Amino acid sequence: MAETKIKPSRAELLAHIRETYLFKDLDEDVLEDLSKDLSWVSLEPGENLFCQGDQSDSTYLVIDGLLKVAVNVDDGSEL
1233 MAETKIKPSR AELLAHIRET YLFKDLDEDV LEDLSKDLSW VSLEPGENLF
1283 CQGDQSDSTY LVIDGLLKVA VNVDDGSEL
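Reminder that position 34 of the sequence shown reads as 1266 in this note's numbering, one-by-one numbering, no gaps.
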């Protein structure tokens, strides 16, 4: 996971979370507080955000592009 070299401004981060269905009904002061804890992550094509079994305490928003969600099963195949 590579952090972008040019980090977006706090205003840009706020604009993205305002547009997200999950956060659309939050008050502006709550969004401001939330934006203080955000970090911007950029992935290269084919790079994993996280892998099956990893522990995470984060929520991710996809701003641009696509993420593939896959689960490895016992026979070695991928769902």
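The beta-carbon is built from N, C-alpha and C at its ideal position, and this holds for glycine as well. Every value quoted in this text rests on a predicted model; they were computed, and no experiment measured them.
- Exclusion of the five residues before and after Arg1250 leaves Lys1256, Leu1263 as the residues of its chain whose Cβ lies within less than 8 Å of its Cβ.
- DSSP lists no bridge partner for Asn1280.
- Note that the C-beta distance between Ser1274 and Phe1282 is not below 7 Å.
- Taking Tyr1292 as the centre and dropping the five residues before and after it, the same chain places the C-beta of Leu1281 closer than 7 Å to its C-beta, in chain order.
- A direct Cα-Cα distance of roughly 30 Å separates Asp1296 from Gly1308.
- Take Leu1246, set aside five residues on each side of it, and the residues of its chain with a beta-carbon closer than 8 Å to its own are Leu1263, Glu1264, Ser1267, in chain order.
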